[in-house]
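Participant:
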Amino acid sequence: MRIVLKKGLPSDLSTLVVYATKTGKSGKPNFGKLPKELLDLVKNAETEGQFSGGKKETVFYRCANVLGFSHVLFVGVGEPGREAIRVAASVTHSSLKGRKIKSAAVYGDGLVKLLKSAGAATQALAEGFLLSAYDFFVHKSTGKDDKKDHKNQQLNEITIATSAAPSAADVKALKRAEILAECQNFARWLGDQPGNYMTPTILADETVKAAKGTGLKVTVWDRARIKKEKMGGLIAVSQGSHEEPRFIIMEYNGGGKGKKPVVFVGKGLTFDTGGISLKPGQSMEEMKYDMCGGAAVVATMIAIAKLKLKVNVIGLVPSTDNMPGPTAFKPGDIYYARNGKSVEVYNTDAEGRLILGEALVYASEQKPAVIFDAATLTGAILIALGTTHTGVFTRDKKLFGKVNEAAQQTGELVWHMPITDFHRDDMKGTHADLCNISGGRNAGSSTAAAFLEEFVEPGIPWAHFDIAGTAWNIASRFPYHPKKGASGIMVRTFVELAENF
Ligand code: BES
Ligand code: ZN
Ligand code: ZN
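If you're matching positions, the sequence shown starts at 21 in our numbering and goes up one per residue.
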């Protein structure tokens, strides 16, 4: 799908989209400065209470023949804000798509100035459209054999028309939105691919392929190298699978020489059966999404490189299957991590923390300014926060403040969760330094975070994002996401964090 900025209303399109806001308690829509013909058209719907500019409201006029357009769609934004505009774009997208309209113009005059920060409204609108346009169809026969047929059902182009020539800020904002949405959609695509099409080897190969020409340096370690590098946790988890593990290192140097890097770490568990501590069959297919943290980090790195941000960033993705094969690691096994700590495995399904631990040790060795990790780590976070908020664990209040600020720009909600010495004490081993599960069932997301903390060098600012509740199927809260499928969550927030850290 393409978004175009244009001076003047286009004469070759048959549909015009008009946005209205509704602020405070006023029951009235605010159209900004709108031509009389359009105001007259919607007047009746307004007086009859069918359109007040509220969130998700729409009225469609077919064959209205106004200002050279056959059809006019009015969409309510509600209280103006970045997220409200993204939602309004997604409502527009489904309304146009449902009517099989393939291209439309947006009346842009009031809209592009809706938010204080220049370009912000254009960026949000473009993000909303481009994220809504994502569809995972590669394994459907219509998608596979005849891509044209699939495309025929799509909304292809939106022209944002303004009476003045588009401002430099709007042009820049559109470009930024395109890169961010393209990369978030790439993260979704990686996540949506099933385990047999997204092995650690394929994930690494896709990363190398996507990084070509962006200025990103990608290094991939195979099983032998991972063993040599003493990443005992990654080796242990990978033992039960025929598929080789991978450790993916992405480096981007856009900042000054000697400037400490921001490091992102993502869980790249390409399929989590639970291993010998096998998961129940119910919904196990969802465990193809257990690499969504890794996908977010890959996509974040590509976005940062494409945006040419002036920062130094490293992305790390430990990747493996978790399978119960004959050589699988077993409950009770003890392994040694890269930082020398011994770990007792009481439950092979608590595997994410084992592979992330190794990446966090490597991350600490890079003398970073900060480490952020994203992982579909615990089912418990879904119980605690549902599908709205990503749980963020850090003892550093100021760091959480920065995370929250970034998240408010992107609409990816976060919630500060506890990580304390109590949780750390719960993770002590019986015959080893650490155990990979706590004695009880309580606070499972916090004890998992406390386990990870054992692998971060003290003094390095660190925040862990548990995305198990937000990595897929979140459209009921955020309509620009796929109804079923990966969300690509945290890509935009991570880019924001890298830029403003
Ligand atoms: N990948 C899962 C976490 C998960 C579960 C994500 C459900 C999304 C939905 C993780 O590897 C896991 O299995 N964690 C266990 C930990 C437990 C054994 C301490 C869990 O959450 O049940
Ligand atoms: Zn697991
Ligand atoms: Zn897992």
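Cβ coordinates follow ideal geometry from the N, Cα and C atoms, glycine included.
(1) Any idea what DSSP makes of M437, helix, strand or coil?
(2) Could you check whether C203 and A491 sit closer than 7 Å to each other, using their CB atoms as the reference points?
(3) Just the C-alpha distance for Y39 and F392, rounded to the nearest angstrom, thanks.
(4) Is any heavy atom in ligand 3 found nearer than 6 Å to the beta carbon of L135?
(5) Measuring only the C-alpha atoms, how far is S31 from T179?
(6) CB of E371 to nearest heavy atom of ligand 2: below 6 Å?
(7) At a cut-off of 6 Å, would you count L517 as near ligand 3, judging by its Cβ distance to the nearest heavy atom?
(8) May I ask whether a heavy atom of ligand 2 can be found less than 6 Å away from the beta carbon of D353?
(9) Could you tell me the alpha carbon to alpha carbon distance between V95 and L58, rounded to whole angstroms?
(10) In chain order, which continuous runs of the beta strand (DSSP E) of length 3 or greater are located wholly inside the region 287 to 353?
(11) So V37 and L87 are supposed to be a Cβ contact under 8 Å. How far apart are they, rounded?
(12) Between D292 and ligand 3, is the CB less than 6 Å from at least one heavy atom?
(13) Can we count I296 as close to ligand 1, meaning its CB is less than 6 Å from some heavy atom?
(14) Consult DSSP for V158 and reduce its assignment to one of helix, strand or coil.
(15) Would you decide whether Q259 is buried or exposed? Buried here means 16 or more other CB atoms lie within 10 Å of its CB.
(16) With distances taken Cα to Cα, identify the nearest neighbour of Y309 among I439, G399, N273 and F442.
(17) Quick one: what's got a C-beta closer than 8 Å to A84's C-beta in the same chain, skipping five residues either side?
(18) Are the region 481 to 489 and the region 409 to 429 in contact at 8 Å, needing three or more beta carbon pairs?
(19) Quick check on E305: buried or exposed, where buried means 16 or more other Cβ atoms within 10 Å of its Cβ?
(20) For a quick check, are the C-beta atoms of P100 and L134 less than 7 Å apart?
(21) Three or more C-beta pairs under 8 Å: does that hold for the region 324 to 335 against the region 264 to 282?
(22) Alpha carbon to alpha carbon, how far is H501 from I509?
(23) Q302 to F475, Cα distance in whole Å?
(24) Are three or more beta carbon pairs between the region 38 to 57 and the region 98 to 117 nearer than 8 Å?
(25) How many Å lie between Q143 and G295 at the Cα?
Facilitator: Short version:
(1) Of the three classes helix, strand and coil, the one that applies to M437 here is strand, per DSSP.
(2) no
(3) 37 Å
(4) no
(5) 11 Å
(6) It does: the Cβ of E371 is within 6 Å (strictly closer) of some heavy atom of ligand 2.
(7) No, since every heavy atom of ligand 3 falls outside the 6 Å radius drawn around the Cβ of L517.
(8) no
(9) 13 Å
(10) With a minimum length of 3 residues, the continuous beta strand (DSSP E) runs that stay inside the region 287 to 353 are 288 to 292 and 332 to 342.
(11) About 12 Å separates the two Cβ atoms, so there is no contact after all.
(12) yes
(13) no
(14) coil
(15) So Q259 counts as buried.
(16) When only C-alpha atoms are compared, the closest one is G399.
(17) Hits under 8 Å: L61, S90, H91 and V92.
(18) yes
(19) exposed
(20) yes
(21) By the Cβ test, the region 324 to 335 is in contact with the region 264 to 282, since at least three Cβ pairs between them sit closer than 8 Å.
(22) 10 Å
(23) Whole-angstrom Cα-Cα distance: 33 Å.
(24) yes
(25) Annotation: Q143 to G295 spans about 43 Å, alpha carbon to alpha carbon.
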